[in-house]
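Residues 3 to 650, numbered by my numbering, are exactly what the sequence shown covers, in order.
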Amino acid sequence: MPSSPWLPHTTSFPIRPRFANPRPANWWLTLRSTIAAAGLFLIITFPAFSADLSRPRNVLILMAGEYGLPAYDLVLHKIRNVVKEGYSSPLNWYAEYMDTARFSDFQEEKAVIDFYSQKYKALELDLLIAVGPGLTPIFRRFGGHLFRGAPTIILDVLPSGIELPALFRKPNMTGVFPAADPQGAIEAALTIHPETEHLVIISGASDMDRLLGELALTASHRYEQRIAVQHFNGTPLAEMLAAVEDLPDHSVILLTAYHLSTTGTAFYTREVTRELAARANSPVYVLFDSNADVGGVGGNVISFKKVGLEVGRIALRILRGEGPAAISPVREGLLEYQFDWRQLRRWGIPEDRLPEGSVVLHREISFFEKYFWAVMGAVVFITLQSALIAHLIILKRRERALSVRVSKAESRYRELLRIERSTRLGELAGSLAHELRQPLAAILSSAQAALRFLKSEHLEPGLLREILNQIVADDKRAASIIGSMRTMLKKRPVDTERIDINDLVRDAVTIFRGEAVNRGIRIETDLDFETLAVAASKTQLLQVLLNLMINAAQAMITNRGDACRLVLATRKKDHYVVLSVRDVGPGIDPDHLDKLFEPLFTTRQEGMGMGLAVCRGIVEDLGGQIRAENNPNRGAIFTIELPAVNDG
Ligand code: ADP
Numbered sequence: 003m004p005s006s007p008w009l010p011h012t013t014s015f016p017i018r019p020r021f022a023n024p025r026p027a028n029w030w031l032t033l034r035s036t037i038a039a040a041g042l043f044l045i046i047t048f049p050a051f052s053a054d055l056s057r058p059r060n061v062l063i064l065m066a067g068e069y070g071l072p073a074y075d076l077v078l079h080k081i082r083n084v085v086k087e088g089y090s091s092p093l094n095w096y097a098e099y100m101d102t103a104r105f106s107d108f109q110e111e112k113a114v115i116d117f118y119s120q121k122y123k124a125l126e127l128d129l130l131i132a133v134g135p136g137l138t139p140i141f142r143r144f145g146g147h148l149f150r151g152a153p154t155i156i157l158d159v160l161p162s163g164i165e166l167p168a169l170f171r172k173p174n175m176t177g178v179f180p181a182a183d184p185q186g187a188i189e190a191a192l193t194i195h196p197e198t199e200h201l202v203i204i205s206g207a208s209d210m211d212r213l214l215g216e217l218a219l220t221a222s223h224r225y226e227q228r229i230a231v232q233h234f235n236g237t238p239l240a241e242m243l244a245a246v247e248d249l250p251d252h253s254v255i256l257l258t259a260y261h262l263s264t265t266g267t268a269f270y271t272r273e274v275t276r277e278l279a280a281r282a283n284s285p286v287y288v289l290f291d292s293n294a295d296v297g298g299v300g301g302n303v304i305s306f307k308k309v310g311l312e313v314g315r316i317a318l319r320i321l322r323g324e325g326p327a328a329i330s331p332v333r334e335g336l337l338e339y340q341f342d343w344r345q346l347r348r349w350g351i352p353e354d355r356l357p358e359g360s361v362v363l364h365r366e367i368s369f370f371e372k373y374f375w376a377v378m379g380a381v382v383f384i385t386l387q388s389a390l391i392a393h394l395i396i397l398k399r400r401e402r403a404l405s406v407r408v409s410k411a412e413s414r415y416r417e418l419l420r421i422e423r424s425t426r427l428g429e430l431a432g433s434l435a436h437e438l439r440q441p442l443a444a445i446l447s448s449a450q451a452a453l454r455f456l457k458s459e460h461l462e463p464g465l466l467r468e469i470l471n472q473i474v475a476d477d478k479r480a481a482s483i484i485g486s487m488r489t490m491l492k493k494r495p496v497d498t499e500r501i502d503i504n505d506l507v508r509d510a511v512t513i514f515r516g517e518a519v520n521r522g523i524r525i526e527t528d529l530d531f532e533t534l535a536v537a538a539s540k541t542q543l544l545q546v547l548l549n550l551m552i553n554a555a556q557a558m559i560t561n562r563g564d565a566c567r568l569v570l571a572t573r574k575k576d577h578y579v580v581l582s583v584r585d586v587g588p589g590i591d592p593d594h595l596d597k598l599f600e601p602l603f604t605t606r607q608e609g610m611g612m613g614l615a616v617c618r619g620i621v622e623d624l625g626g627q628i629r630a631e632n633n634p635n636r637g638a639i640f641t642i643e644l645p646a647v648n649d650g
């Protein structure tokens, strides 16, 4: 007999003689062949197993009612969403609407079940979700064998208080069993409307309708002493609608379920609720959330959303491999006090009357509530924008006021400059008159010489021309002095023009020469050979230069016996034209250096302290600079730098 490494060796049985009894040998043979066969089976079928594991799971939803029931919409939607979110492998969904509820005679017929079993016999069902109403009896009878015992979740509305184990309990089944609560609904309605005197119970004529109607009627008995109860049991809709239009004061209506009228017309309770609520003169309470949003006030309703959630969760557990027997049926937590805010408003029901934990749905948010933050944002934005606009308007006004003040100040400043110029010119008046007298006297004597020359007999044209040329030259000199004076006295200085700073120096010297002679000052010029052009008002620059020259002359007044020299120099430095006025006076007190250009600063008794301030104003307006310093040897030097203008 071949031995195998994974089977116990025969020597390990010392008690029994090796071949004493043939039975152990047979037992081992059987075991070994069984294990080998199982191994072979596994090896052969392994690909089939893996294929089986990877095939899509099949889920059949079998509905007892007809297509379109509003409760189905809520439940199925929820189930599929929960499964979709929690189960990522492929799933095939199948749905069947048996519509047995409306054919109650046929309801428990095995033929119905056989039909569907036959239809799905080739399909390996991984999960059956059987949705009521009225399925439980069928499953009690056939459940164990249906669809080859596929794992099953039953969803059925049961009357409360019915023992589940008494109805069914099969190992392949579990379920979700919400219990409609007419008792709770009546209680809630009476608490919310304590003045109620009249309760109208409305139910249809289907089995389910009748069952719920009966339950409500039984529940109402406990309030018999307080209220009158009226029951419409399958009453045709038109008749019922006419009745509810005219109910006595202090009435409430409880619509349980209405799927069929006694005349055989089928309805959805949802539609009946809608019409009833529209016509009734009293509030309508309901038992299911599928009817709660079409005019019903609400009540202690079965929440099909919660039901769908529970079914979906159980479906997930089963699809992931749990057996249904291990999953307890769910009966609790499927109801909810649910109210429609619009109906609370319609019937004037204050929310504090609602039972604790009530959910109020369809609350209408006012435009303001809905767009609160958008509105707030807009308000803040508009406020800020308005503030900004107001601020800008104020700024604009201030700017306008300021520009008026600036233009007034400018005209005053111009006036000041003019006065300052006239004052300076006034200081030079004596010298200027003297200066003018010279060319005039020269012209006179030249003219007299010419006249004498004409009377004589020897007329020499060359000599006469020389005399006349002299007269012209003297006249030009006088005209140049008068021209410079006119420039200085102009009320409105000419606008900016191109000026050669060397010419300016020459003009200033012409005006000042008489004064210099009077004071015994020697004027020296050290002018750059090039044309040094700047853009400025000639009148103003002349004013600056004369101010500096007059100041220098005044500073040198104490130079007793010493030579008085005034040096005017020009040169180019980078992009600037530099003009300096140097004297040999006592220089500037170092403590005064930084105050010289301030208005009203003066050390002279008859001084006004405006000359240098005016100079600085003019120079800085032209984009230039003016500074004062002491010469290393002696005296002060004032330097002006002005932006040069290119010849091109
Ligand atoms: P004012 O001539 O009326 O005093 P300015 O503004 O022209 O006003 O001059 C201000 C002061 O600057 C003068 O009082 C004087 O002290 C000082 N100053 C101006 N030029 C010179 C200079 N060349 N040398 C020394 N001090 C000067």
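Just so it is clear, CB atoms sit at the ideal spot from N, CA and C, and this is done for glycine as well. Fair warning: this is a prediction, and the values are worked out from it, not measured in the lab.
Could you tell me which whole beta strand (DSSP E) segments of length 3 or greater appear in the stretch 516-543?
Segments of the beta strand (DSSP E) lying fully in the stretch 516-543: 523-528, 535-538.
Do you know offhand how far residue 168's Cα is from residue 283's?
Low confidence applies here, because residue 168 scores a pLDDT of 48, under 50, leaving its location unreliable; read the following figure in that light. For residue 168 and residue 283, the distance between alpha carbons rounds to 43 Å.
Taking the alpha helix (DSSP H) that residue 75 belongs to, which residues open and close that run?
Taken as a continuous stretch (DSSP letters only), the alpha helix (DSSP H) holding residue 75 covers 72-88.
How is the beta strand (DSSP E) around residue 99 delimited, first residue to last?
It spans 93-99 - the beta strand (DSSP E) in which residue 99 sits, taken as one unbroken run.
Fully enclosed by the stretch 263-310, which beta strand (DSSP E) runs are 3 residues long or longer?
Listed in chain order, they are 286-288, 300-304.
Could you give the distance in angstroms between the alpha-carbon of residue 653 and the alpha-carbon of residue 497?
As shown, the chain starts at 3 and ends at 650. That puts residue 653 outside it, with no answer to give.
What three-state label does DSSP hand residue 223 in the structure shown?
In the structure shown, residue 223 sits in a helix (DSSP, three-state: H, G or I).
For the alpha helix (DSSP H) that contains residue 454, what are its first and last residues?
Residue 454 -> alpha helix (DSSP H) spans 374-457.
What span of residues does the alpha helix (DSSP H) with residue 126 cover, start to end?
No alpha helix (DSSP H) holds residue 126; DSSP gives it neither H nor E.
I need the boundaries of the alpha helix (DSSP H) containing residue 490, first residue and last residue.
First-last of the alpha helix (DSSP H) with residue 490: 463-491.
Using 8 Å for Cβ pairs, my map puts residue 290 next to residue 73. What's the rounded Cβ distance?
Confirmed, Cβ separation roughly 6 Å.
Would you decide whether residue 549 is buried or exposed? Buried here means 16 or more other CB atoms lie within 10 Å of its CB.
Answer is buried; the Cβ neighbour count reaches 16.
For residue 63, collect the residues of the same chain with a Cβ closer than 6 Å to its Cβ; drop the 5 residues on either side in sequence, then sort them by chain order.
Closer than 6 Å at Cβ, skipping near neighbours: 97, 131.
Is residue 593 near ligand 1, going by C-beta to nearest heavy atom under 6 Å?
No; taking the cut-off as 6 Å, the Cβ of residue 593 has no heavy atom of ligand 1 nearer than that.
In this structure, how does DSSP classify residue 318 when only helix, strand and coil are distinguished?
Residue 318 falls in the helix class under three-state DSSP.
DSSP beta-bridge partners for residue 631?
639.
Have a look at residue 342 and residue 60 and give me their C-alpha separation to the nearest angstrom.
One C-alpha to the other measures close to 38 Å.
Starting from residue 239, trace the alpha helix (DSSP H) in both directions and tell me its first and last residue.
From DSSP, the alpha helix (DSSP H) with residue 239 extends over 239-246.
Taking the runs of the alpha helix (DSSP H) that are 4 residues or longer, which of them lie wholly in the stretch 551-611?
Runs of the alpha helix (DSSP H) inside the stretch 551-611: none found.
For residue 355, report the span of its beta strand (DSSP E) as first-last.
Element bounds for residue 355: n/a, residue is neither H nor E.
Between the stretch 78-93 and the stretch 296-305, can you find at least three pairs of beta-carbon atoms closer than 8 Å?
Touching, no.
Using DSSP with H/G/I as helix, E/B as strand and the rest coil, what is residue 119?
Helix at residue 119.
Give a single yes or no on whether residue 633 has its beta carbon closer than 6 Å to a heavy atom of ligand 1.
Result no, Cβ not under 6 Å from ligand 1.
Output the distance between the C-alpha atoms of residue 247 and residue 253, rounded to the nearest integer angstrom.
Answer to the nearest angstrom: the Cα atoms are 11 Å apart.
Would you identify the three-state DSSP class for residue 177, choosing helix, strand or coil?
If DSSP states are grouped into helix, strand and coil, residue 177 belongs with the strands.
Under the DSSP definition of a beta bridge, which residues are partnered with residue 1?
Because the chain is modelled from 3 through 650, residue 1 falls outside the range shown and cannot be assessed.
Indicate, with yes or no, if ligand 1 has a heavy atom lying under 6 Å from the CB of residue 484.
No, the Cβ of residue 484 stays beyond 6 Å of every heavy atom of ligand 1.
Just to check, is the beta-carbon of residue 565 closer than 6 Å to a non-hydrogen atom of ligand 1?
Not so, every heavy atom of ligand 1 lies at least 6 Å from the Cβ.
Under 7 Å between the Cβ atoms of residue 288 and residue 257?
Yes, the Cβ-Cβ distance between residue 288 and residue 257 is below 7 Å.
Within the same chain, show all residues whose beta-carbon is closer than 7 Å to that of residue 442, passing over the 5 residues directly before and after it, in chain order.
480.
Assign residue 637 to buried or exposed, taking buried as 16 or more other Cβ atoms, counted over all protein chains shown, within 10 Å of its Cβ.
By the neighbour-count rule (16 or more Cβ atoms within 10 Å), residue 637 is buried.
What three-state label does DSSP hand residue 58 in the structure shown?
Looking at residue 58 - three-state DSSP - the assignment turns out to be coil, as it is neither helix nor strand.
For residue 410, is the classification buried or exposed, using 16 other Cβ atoms within 10 angstroms of its Cβ as the cut-off for buried?
Answer is exposed; the Cβ neighbour count stays below 16.
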